[in-house]
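Enquirer:
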Amino acid sequence: MIVGFLFTKFFLATCVTLISSIIILFLQFAFFKKRLTILSKKLNKALELLAISSNQPLLNLKNIKIAKTENFFYDNYSKELENTRLISKKLSFYSTIPPHVTEPLIIFLLLILLAIVSLQNISDTSNLVASYALIVSATFRLAPTISRIQGNVTGINSAIPQV
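Going by the numbering used here, the sequence shown opens with residue 15, and the numbers climb by one from there.
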């Protein structure tokens, strides 16, 4: 509804801002989706190896005790656990980046929107101030929603290989 109102009041400025933000979001999704998919596949493999390394000693407990190979299985489990932890850490890092990149870009697009409105309403200062107030309040209402949507889409993209 807010975007619809902005379209009726500031058509050109809203179109430029909307097209710019869609291009920026698309580029971010394209950049991060590839990395998140690769890391998710690595995490799946690491979790599989971790499950194997934790179940194998339990299934062969008697043989392990007789052969005195506890340290081998413990070291193997520790290595797989560390590998899983590192991949999970990278995955969560890449999952949290997009919203932090989007917020400064939204402020930059806000400045572009204000510049376009300024060029259109340069003679009427009272209308210009009212337009600024409207645009700024609309942006601050929409920015958290855009960040949440982007965070959710990033989470979905990172979970697709696991599903």
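Quick reminder that beta carbons are idealized off the backbone N, C-alpha and C, glycines included.
Keep in mind the model is a prediction, meaning the values are calculated, not measured.
My output table needs one value for N97: the three-state DSSP class, helix, strand or coil.
Expert: Here residue 97 refers to the residue found at position 83 of the sequence shown. In the three-state reduction of the DSSP assignment, N97 falls in the helix class, which pools H, G and I.
Enquirer: Going by beta carbon distance, what residues of the same chain come within less than 7 angstroms of F45, once the five residues before and after it are set aside?
Expert: Numbered from its first residue, the sequence shown carries residue 45 at position 31. Short of 7 angstroms from the beta carbon of F45, and not among the five residues preceding or following it, lies no beta carbon of its own chain.
Enquirer: Hey, Y108 and L50: beta-carbon distance below 8 angstroms or not?
Expert: Within the sequence shown, residue 108 is the residue found at index 94, counting from 1. Within the sequence shown, residue 50 is the residue found at index 36, counting from 1. A contact, by the Cβ cut-off of 8 angstroms.
Enquirer: Would the beta-carbon of V131 fall within 8 angstroms of that of F24?
Expert: The count along the sequence shown starts at 1 and reaches residue 131 at position 117. The count along the sequence shown starts at 1 and reaches residue 24 at position 10. Yes.
Enquirer: Which complete alpha helix (DSSP H) runs does the region 45-84 hold, if anything under 4 residues is left out?
Expert: Qualifying alpha helix (DSSP H) stretches, in chain order: 75-81.
Enquirer: How about I80: is its C-beta nearer than 8 angstroms to some C-beta of chain C?
Expert: Of the protein chains in this structure there is only one, and it is not chain C.
Enquirer: Just to confirm the assignment, what range does the alpha helix (DSSP H) spanning F21 have?
Expert: Against the sequence shown, residue 21 aligns to sequence position 7. For F21, the enclosing alpha helix (DSSP H) stretches over residues 16-23.
Enquirer: Could you give the distance in angstroms between the alpha-carbon of Y215 and the alpha-carbon of I52?
Expert: Because the chain in this structure spans residues 15 to 177, residue 215 falls outside the shown range and cannot be described.
Enquirer: Determine the closest residue to L63 out of S92, P113, I36, I80, with distance taken between C-alpha atoms.
Expert: As a first step, residue 63 is located in the sequence shown; it is residue number 49 there, counting from the start. L63 has its Cα closest to that of S92, out of S92, P113, I36, I80.
Enquirer: Just verifying my parser: in three-state terms, what is the DSSP assignment at I111?
Expert: Residue 111 sits at position 97 when you count from the first residue of the sequence shown. Helix, per DSSP.
Enquirer: Could you tell me the boundaries of the alpha helix (DSSP H) in which V150 lies?
Expert: Translated into positions along the sequence shown, residue 150 becomes position 136. Unbroken alpha helix (DSSP H) run through V150: 139-173.
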